[in-house]
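*Asks:* In the numbering used here, the protein residues as written are 291 to 477.
Every residue, glycine too, gets a C-beta built ideally from N, C-alpha and C.
This structure is in structure tokens; I'll ask about it shortly.
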């Protein structure tokens, strides 16, 4: 998806048509939000349910286009294992998985999508990271709610740690009640 610029442009322009907008960046932002939400939710859910990290390598990540947006099918799960010579306590596993989660979602996918969208239509870098931060928090709340956690469950706590990544840091304002607000426009 990220290397086939012509196909990506067709998908985003098709979304623009369904949205009734002319501006590429408007549809690109909506497309990026959808992709980020899908990537974060499947990843956070796998971490929360079994300390698993889905294989999000773009070479094995499968997607298909639909009216609602891209449908993702992840490849084989890549179960996280600690570094050789370390044996973290079970409570440390979510924190130890932060770097692999960032590598899979941000480095492996959203950065590539950002670059592709920027080449096609001038998609701004802060726009991608604002979308990524907002969807990270929303996806984490949904995963926690699905698992029966009220308030800040393990996925929300992980999301808060992930917001320390320089690309996401400062993109949202966190409120005491658990809500958040973007610092940048979604466009």
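Nearest-angstrom Cα distance between residue 310 and residue 300?
*Replies:* For residue 310 and residue 300, the distance between alpha carbons rounds to 15 Å.
*Asks:* Using DSSP bridges, identify the partner residues of residue 361.
*Replies:* DSSP, once it has assigned bridges, lists 354 as partnering residue 361.
*Asks:* Which runs of the beta strand (DSSP E), 3 residues or longer, sit entirely within the segment 393-452?
*Replies:* List check, beta strand (DSSP E) in window: nothing returned.
*Asks:* Is there contact between the segment 443-459 and the segment 343-351, where contact requires at least three CB pairs shorter than 8 Å?
*Replies:* The segment 443-459 vs the segment 343-351: no contact.
*Asks:* Exposed or buried, what is residue 315 when buried is set at 16 or more other beta-carbons lying within 10 Å of its beta-carbon?
*Replies:* Buried.
*Asks:* Return the first residue and the last residue of the beta strand (DSSP E) that residue 459 is part of.
*Replies:* Note, residue 459: premise wrong, no beta strand (DSSP E); not H, not E.
*Asks:* Please name the residue, chosen from 418, 320 and 335, that lies closest to residue 448 on a Cα-to-Cα basis.
*Replies:* Closest by alpha carbon: 335.
*Asks:* Would you mind working out which of 436, 291 and 421 sits nearest residue 324, comparing C-alpha positions?
*Replies:* For the residues 436, 291 and 421, the minimum Cα distance to residue 324 belongs to 421.
*Asks:* Taking the continuous alpha helix (DSSP H) assigned at residue 334, which residues delimit it?
*Replies:* Residue 334 -> alpha helix (DSSP H) spans 314-340.
*Asks:* Buried or exposed, going by whether 16 or more other CB atoms sit within 10 Å of the CB of residue 435?
*Replies:* Label assigned to residue 435: exposed.
*Asks:* I'd like the list of long-range same chain contacts for residue 398, defined as Cβ closer than 8 Å, with 5 residues on each side in sequence excluded.
*Replies:* Excluding positions up to five away in sequence, the list reads 346, 347 and 348.
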